Amino acid sequence: MNTFDGVSYALHTNNYGDTFRVHFRKSEDMDDFEVYSVRLGVNDVNEYNMRLTDAARDIATPQGIRPDSTREDLEAAYGYIPKPKCSHNAPLVCGYFYEGDTAKLGFYICAEHSPGIRSIRLTVK
126 MNTFDGVSYA LHTNNYGDTF RVHFRKSEDM DDFEVYSVRL GVNDVNEYNM
176 RLTDAARDIA TPQGIRPDST REDLEAAYGY IPKPKCSHNA PLVCGYFYEG
226 DTAKLGFYIC AEHSPGIRSI RLTVK
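126 is the number of the first residue of the sequence shown in the numbering used here; add one for each residue after it.
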């Protein structure tokens, strides 16, 4: 059990290959598990560690953003580029986050390895 905002949840993760994960949670008062996070792409910056599958490259956001899309694609799709939040290690990975009332959509880019998006994550707030 993990606790978020004072509520205890059982957590579960389904891995669909190396590059697609769905995270679920269930509190004691819930009848079933709910999705709280979906991650598509390569989380590790080591270019030799994991590669995206062709199937993962075919998954896109409703605006057409997919792994390997660029910052320019993000700006064209969403109308602006949010200020990046970057890691403090090398190689540098920067996250670009678009937030709504109930969810956050993050796009992660490691420019040292490629100009495109390496990972996309949708998280419930």
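A virtual CB, placed ideally from N, CA and C, is assigned to each residue, including glycine. Since the structure is predicted, the reported quantities are computational estimates derived from the model, not experimental observations.
DSSP, reduced to helix, strand and coil, places residue 200 within a helical segment of the structure shown.
Distances from the alpha-carbon of residue 164 to those of 202, 230, 241 and 236 put 230 closest. Residue 228: member of the beta strand (DSSP E) spanning 228-234, first to last residue. Counting along the chain, residue 135 sits inside no alpha helix (DSSP H); it lies in the beta strand (DSSP E) bounded by residues 132-140. Residue 152 holds the alpha-carbon nearest to the alpha-carbon of residue 133 among 152, 181, 176 and 240.
Here residue 144 has 165, 166, 167, 175, 177, 178 and 181 as same chain residues with Cβ atoms under 7 Å from its own Cβ, once five neighbours each way along the sequence are excluded. Comparing alpha carbon positions, the residue from 148, 235, 215 and 208 closest to residue 194 is 235.
Inter-residue distance for residue 250 and residue 237 is about 30 Å (C-alpha atoms, whole angstroms). Remark: C-beta atoms of residue 223 and residue 209 do not approach each other more closely than 8 Å. Counting only the Cα atoms, residue 149 lies some 13 Å from residue 156. The beta strand (DSSP E) runs of length 3 or more contained entirely in the stretch 151-196 are, from start to end of the chain, 159-166. Nearest C-alpha to residue 205 among 211, 197 and 228: 197.
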